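All remarks here apply to the structure that follows.
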Amino acid sequence: MRLPRALGGWGVAITGLAGDARASQPLNYLVSHGLQNDVTLPLTKALIAVSLTVVLIIGLLIVAAILRRPGLQPVAGARLEVGPEGGGLSWIWIGVGLSSLVLLASIAWTVAVLGQTVHPPSKPKTRIEVTAHQWWWEVRYVDENPALDFATADEIHIPAGEPVAFKLIGGDVIHSFWVPLLGGKTDLIPGLTNESWLQADTPGTYRGQCAEYCGAQHAHMAFLVVAQSPQDFRRWRDSQLQSPAAPQGEAAQGAQLFTMHCGSCHSVRGTDAGGVLGPDLSHLMQRQSLAAATLPNDPAHLSQWVSDPQAIKPGAYMQKPELTAAELAAIRA
Amino acid sequence: MSASEYERTPGIGDSVRHPEIGERLKRLWESEPGLRGWLTTVDHKKIGLRYIVTAFAFLVIGGIEALIFRLQLSWPNRHVLTPEQYDQLFSTHGMTMIFLYALPILSGFSNYLWPLVLGARDMALPRLNALSYWIYLFSGIFLYAAFIAGFGPNDGWFNYVPYAARAFNGGPNIDFYSLGMVLFGMSTTVGAINFVVTFLRMRAPGMSINRVPMITWGTVTANAGNLFAVPSVSLAFFMLWLDRNAGTHFFDVPGGGQPLLWQHLFWMFGHPWVYAIVLPAMGMVSEALPVFCRRPLVGYTAVALATVATMVLGFGVWVHHMFATGLPPIALSFFSAASIIIVVPSAVGVFAWIATIWLGKPVFATPFLFFAGFILLFTMGGVSGYMTGSLPVDWQLTDTYFVVAHLHYVLIGINVFPVVGATYYWFPKFTGKLMDERLGRWNFWTMFLGFNLGFFPMHVSGLLGMPRRIYTYADGMGWDWLNLITTVGGFVFATGVLLFLINVVISHRRGRPAGDNPWDSPSLEWATTSPPPPYNFAVIPTVASRYPLWEDRMPRSVRESATEAGLVLDHGREAVGTGPLDAQPDIILKMPSDTIVPFVLALMLTVLFVGLVLHWWWLAVLGLLGTGAAALVWLWPRAELGETAEAKSG
Amino acid sequence: MIFVVFTEGALFAYLLFSYYYLAVQPHTPGSFPEGGPPEFTLAAPNTIILLLSSAAVAWAQFGIEHGSKWRLVWGLGAGTLLGIVFLAVQYFEWAEKKFSLPSSTYSALYFVVTGFHMAHVLLGVLMLAALTLWSALGYFNRFRYAHVHIGALYWHFVDVVWLAVFFTFYVTPHLGLSA
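Chains as they are written, first to last, in my numbering: chain A, 127 to 459; chain B, -11 to 638; chain C, 199 to 377.
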């Protein structure tokens, strides 16, 4: 059994080394692009190495112990020889002694990593409040100047190369905020506010996932963290604060339909739609994905989602809106 | 009976020269035939077998649930199950395996074996024994009735609030789960009391505390732990039921409650519980492996102490299930360190077992294969646990399939494999027939290879970020092939389990006769017939060492234990009570005869719970009164049990 | 019975843990305990009553150890009656409360913890009543009174639990554990 296990271990290591895992393994945390994971990953790999080594050694010992002497075949009722009691205690002392050393070293390293991951290296300039709902992520950017606050959903932009502070506010049930390539997970518990931080090393899109069972669509409650250079981040932030341009023609009719059918749950800044039950949809078409990173964001998927959410996320709280194809096309415009 | 009956010094008799002792005892101890006997028996052997059969049935049911949802997960975006169906299946699977299989199977083996390995006639409290089984059976039926009717638990076996609260979970699912668990907890508690008292009072004369068999150490430690752990979860479930049905605010935030209170109460129970469901199995291996190494276990004292240490430490690590909840890191690091330290007593066991094989001469019977395989699987499960013990690493690993891999390696590796090995070992004692060796080998390799094929890949999919408890996943995550292999492995493993059950059935019908001691084992249960007579031992054995039946052959050892001559206790159902440390004989215990009262009490208790869950208060009151009446009848002082003044001259 | 004491003791430990855990969470002022710290007027005398009932049962135990069936019956009977008085006073205190079970987290704790205790007291009272009956029927003597010993152990345990509950609910708010 040691061979398959070794293969598995190699496979994992190779995967970790093979370039951009973000595309093919978006939640693989044996690859790190964030400061917290940078510090934790060596410890993780060391623990894996220790574990594999221990299993290998124990496995070899078991096999050696069995094959050492010619064994006996069982014969029912036969009276076989019996060895003496006593002896062999040195096995326990040596085995436990060596194990204890490794365990103590593991504890020491654990504490050292903790010291570096609990607090950000410098005071974060960007502060984001995340409230988790069944099954989407409410994201609120807060600034010292309240006029610069704004809301979005399911896609979080951060400046790369600096720490970002997160306030994790419990909403309905327990969820967990997790961006594996950047750092560990922290729960969002109703009635409590937890604090966390992340720092992305390089710009890129990193997938996040809810990591605490929260009901029927826990499987489809992902999100995206888009790390950008500080200039790109500022540009994005400014564009988020702008109101949309006044719609023309079919789009105007669509805007009206939107307010009527969707506005009671969804908000779009700068329009009449102001609902807070569902995700904020301001600048929706700038996002990479829909429905908590379940679908790619393009007109076809958008139509598919809007016309029948239950087909994609059965049990989600978004009702099937009563829209004709024409009205749907108008909203899309 | 005259008062002088109750103060006598029993004589010593020889069961070989006076077989009529056995004849007399048989008439005193055997249960009535037919349905009446079936409902009234207090014989630990019958109760033990019932536990084993019922627990195996739940194992199969839980396994089928898993195979179904593994089909759903075998490939991305499959539509074998709806999310709601998936959620009920994985939750019920967890509940079934962890509660309705894992402890009862061990209780069953221990129930059957303890009096025999301890040289006693029965457990200390035979009626309580019957009660614990009936409550277990009825609670299992109660829980499954909900599942069959379409409202099984759907919030995982751990049932976190607020999702378990009425606001998010309006149907009766969680009500059935909550009350069913409280009822089940009563079975566990009552059984635990029985084991601990038996350990202290029912050992054969001379079986001092350092001669107690290893299976006993494992079970008594686990049950003593349960006495302190089970009330926590029973309370948590009861408080949840109140929140859901009486409007209390223990857990719900709008009313001032705290979701984390649930997690603390649940895991203060949950962590000790996982030790309770493996320590007895480890004890079984410590008991049986040496037989197939032809020498005593290495480090008896170290292993016994390590068993106790594991249980005690197990009460101090529960927060490691809550590492991601945002508790202060200073507090969490204490639990992280403790969770890593707890590996030490486990290491004692692993090295003791390896040393025993190394210094012994292996006998390649099927039980040996399972026990040797167990050591490796234990180690694999142990190291993945060690990894999750490190706080920052756990912040990545927790709630991924890595933990699912870990928990299955420890539960299947440390519970199921020893249990199957123990069945091969003790089946001849239970039935008088040997299990088939050739089929046993096929059984072992299919289970071993299937298990590793199924569950090893979960370590990898977990490291690749696959979260737990998702009913489907997208393609392009890197998990596709891993899940397919896991599903295939699961089916191979299930085939192995099927081979095991087939072996049990055909061996029961036409296995080769086993005789008293087919494995040439040292412990007392092999000194009586296979299967044992209802009274276990015609005369009470006297014990002078840890390995009574090996004394005449072990180097540097003298035959001092006696099984053929000993105290004769045949004035009714009698056993000898002995002191807790040195097991010197103390008192004649008058044992109860068969009675329907435990069955009735369990039934009335179930009626109470049915009334509560359905809000039929009149039924609940009826159940409560019935329970009280049954208890009164049970406890009414009886002269024949030596409980009244009549049983002693003034 | 000692193991019943251990496991039920653990149950009360977890109940009181829940109280302390919820007590140290943030609360709006004056809400924990709800309506301010509970009054001693009924609870303090009730504690004395329960202690006296344990004393009566202990007196009965010593009595039968020395062969006095008379002391056994009267001691157990007195213990039973005092237990019933305790229940009645507690019930009266419940009725006087300005809050009900669903009012708040505190009220949930109050009724559930003292309720669990009352349930154990009720069970103990029923046990003592049965023991009184059996004693009066002459079932026990100097050598055979295991039932008495077992029942008494349970009763003393219930008394000790009350002391812990009393301390938690009535005393700790005055030691600073309140909002």
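Cβ coordinates follow ideal geometry from the N, Cα and C atoms, glycine included. As the structure is a prediction and not an experimental result, all values here were calculated from the model.
Through-space distance from residue j to residue i, alpha-carbon basis
i: residue 510 of chain B; j: residue 551 of chain B; result: 12 angstroms
i: residue 329 of chain C; j: residue -3 of chain B; result: 30 angstroms
i: residue 338 of chain B; j: residue 289 of chain B; result: 14 angstroms
i: residue 286 of chain B; j: residue 388 of chain B; result: 38 angstroms
i: residue 40 of chain B; j: residue 117 of chain B; result: 14 angstroms
i: residue 43 of chain B; j: residue 128 of chain B; result: 10 angstroms
i: residue 136 of chain A; j: residue 366 of chain B; result: No answer about residue 136 of chain A holds up, because its pLDDT of 44 lies below 50 and its placement is not dependable.
i: residue 100 of chain B; j: residue 276 of chain B; result: 15 angstroms
i: residue 234 of chain A; j: residue 179 of chain B; result: 42 angstroms
i: residue 612 of chain B; j: residue 200 of chain C; result: 24 angstroms
i: residue 342 of chain B; j: residue 530 of chain B; result: 31 angstroms
i: residue 544 of chain B; j: residue 197 of chain B; result: 21 angstroms
i: residue 621 of chain B; j: residue 582 of chain B; result: 14 angstroms
i: residue 304 of chain A; j: residue 435 of chain A; result: 25 angstroms
i: residue 373 of chain B; j: residue 331 of chain B; result: 9 angstroms
Chain-order list of residues whose beta-carbon lies under 7 angstroms from that of residue i (same chain, five-residue window excluded)
i: residue 236 of chain C; result: 367, 368
i: residue 158 of chain A; result: 164, 167, 307
i: residue 383 of chain B; result: 311, 312
i: residue 5 of chain B; result: none
i: residue 356 of chain C; result: 318, 319, 322
i: residue 213 of chain C; result: 311, 314
Interface partners of residue i on chain C, CB under 8 angstroms
i: residue 632 of chain B; result: 337, 338, 342
i: residue 177 of chain B; result: 205
i: residue 249 of chain B; result: 216, 219, 220
Contacting residues, own chain, Cβ-Cβ under 8 angstroms from residue i (five flanking each side not counted)
i: residue 414 of chain A; result: 281, 331, 350, 352, 422, 423
i: residue 354 of chain B; result: 409, 412, 423, 425, 428, 429, 431, 432
i: residue 143 of chain A; result: Annotation note: pLDDT 41 at residue 143 of chain A (below 50); position unreliable, coordinate value reported separately. Same-chain partners within the cutoff: there are none.
Proximal chain B residues relative to residue i, where beta-carbon distance stays under 9 angstroms
i: residue 239 of chain A; result: 378, 379, 380, 381
i: residue 300 of chain C; result: 234, 235, 236, 237, 243
Nearest candidate by alpha-carbon position, reference residue i, set the options
i: residue 340 of chain A; options: A/247, A/224, A/262; result: A/262
i: residue 507 of chain B; options: B/194, B/204, B/447, B/420; result: B/420
i: residue 285 of chain A; options: A/264, A/252, A/304; result: A/252
i: residue 362 of chain A; options: A/381, A/438, A/274; result: A/274
i: residue 300 of chain C; options: B/235, B/208, B/142; result: B/235
i: residue 224 of chain A; options: A/278, A/355, A/180, A/156; result: A/180
i: residue 329 of chain A; options: A/367, A/160, A/188, A/154; result: A/160
i: residue 255 of chain C; options: C/342, C/326, C/240; result: C/326
i: residue 175 of chain B; options: B/153, B/91, B/102, B/73; result: B/91
i: residue 364 of chain A; options: A/260, A/267, A/437; result: A/267
i: residue 201 of chain A; options: B/468, B/542, B/20, B/500; result: B/500
Neighbourhood of residue i by C-beta distance below 6 angstroms, restricted to the same chain and skipping five residues each side
i: residue 301 of chain A; result: 258, 314, 336, 338, 340
i: residue 213 of chain B; result: 260, 264, 299
i: residue 141 of chain A; result: For residue 141 of chain A, the predicted structure reports a pLDDT of 46, less than 50, and the residue's modelled location is therefore unreliable. A value from the coordinates is still provided. Excluding sequence neighbours, residue 141 of chain A sits near nothing in its chain.
i: residue 169 of chain A; result: 235, 239
Residue i: contacting residues in chain A (beta-carbon distance under 9 angstroms)
i: residue 72 of chain B; result: 342, 440, 441
Cross-chain neighbours of residue i in chain C, by beta carbon under 7 angstroms
i: residue 648 of chain B; result: Residue 648 of chain B lies beyond the range of chain B shown here (-11 to 638); nothing can be said about it.
Contact set between residue i and chain B, taken where Cβ atoms lie within less than 7 angstroms
i: residue 213 of chain C; result: 223
i: residue 209 of chain C; result: 219, 223
Chain-ordered neighbours of residue i on chain B, where CB pairs are closer than 8 angstroms
i: residue 197 of chain A; result: 349, 350, 351, 352
i: residue 225 of chain C; result: 244
Residue i: contacting residues in chain A (beta-carbon distance under 7 angstroms)
i: residue 457 of chain B; result: 339, 344
i: residue 452 of chain B; result: 151, 153, 154
Could you check whether the region 50 to 60 of chain B touches the region 475 to 487 of chain B, counting it as contact only if at least three pairs of C-beta atoms, one from each stretch, sit closer than 8 angstroms?
yes
Should the region 132 to 145 of chain B be called in touch with the region 159 to 166 of chain B, which here means at least 3 C-beta pairs below 8 angstroms?
yes
Three or more C-beta pairs closer than 8 angstroms, one from the region 94 to 113 of chain B and one from the region 181 to 199 of chain B: is that the case here?
yes
Check whether the region 212 to 224 of chain C and the region 288 to 307 of chain C touch, using three or more Cβ-Cβ pairs below 8 angstroms as the test.
Between the region 212 to 224 of chain C and the region 288 to 307 of chain C, the count of Cβ pairs shorter than 8 angstroms is three or higher; the stretches touch.
Evaluate the contact criterion for the region 151 to 159 of chain B versus the region 535 to 549 of chain B: three or more CB pairs, one atom per stretch, below 8 angstroms.
The region 151 to 159 of chain B vs the region 535 to 549 of chain B: no contact.
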